[in-house]
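The block underneath contains the structure these notes are about, expressed in structure tokens.
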Amino acid sequence: MLASIVGSGRVDVLSTPSMIALMESVSESIVADKLPDGMISVGTMVCVRHRAPAWLGDEILVRARLLEVSGRRLKFEVRCLRGEEVIGEGEHERFIVERKRFNKP
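Per my numbering, the sequence shown starts with residue 530, numbered consecutively.
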């Protein structure tokens, strides 16, 4: 989504919150089908730098790479590219938890 629509800025470029959401989504999808039944991963930390804009109509590619597994903690390297240009990069952390803990009682 555009920064002007989500309220994170006044320009028609990919918003930082939207870029982060894409990074989280790609990271989650890497591990989702590898977790035991009843388990999910939830985002717990994001540290990214938004380096360059992407305009409406630009094609972007979001990549995530699992760097480390430490118990239930998953650490990812994340990148967002427009062509060859890195427009965002950083780290994302997820934790493996029981799905039922996050269901509303």
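Beta carbons: idealized from backbone N, C-alpha and C, even for Gly.
Q.
Could you tell me the alpha carbon to alpha carbon distance between M530 and P546, rounded to whole angstroms?
A. If you draw a straight line from the Cα of M530 to the Cα of P546, it is about 9 Å long.
(Q) From the DSSP secondary-structure annotation, give me the bridge partner or partners of M568. (A) E627
Q: Keeping to the same chain, check which residues put their C-beta closer than 7 Å to that of A583; ignore five residues upstream and five downstream.
A: The residues are V542, L543, I589, R611 and I616.
Q) Short check: CB of G536 to CB of R578, under 7 Å? A) no
Q. Do I569 and R628 have their CB atoms nearer than 7 Å?
A. yes
Q. Roughly how far, in whole angstroms, is the beta-carbon of R539 from the beta-carbon of V571, given that I think they are within contact range, below 8 Å?
A. Going by Cβ atoms, the distance from R539 to V571 rounds to 32 Å, so no, they are not a contact pair.
**Q.** Separation of A581 from A532, as counted between CA atoms
**A.** 13 Å
**Q.** R594 to K604 span [Cα, whole Å]
**A.** 9 Å
Q) Do the CB positions of V607 and M548 come within less than 7 Å of each other? A) The criterion of a C-beta distance shorter than 7 Å is not satisfied by V607 and M548.
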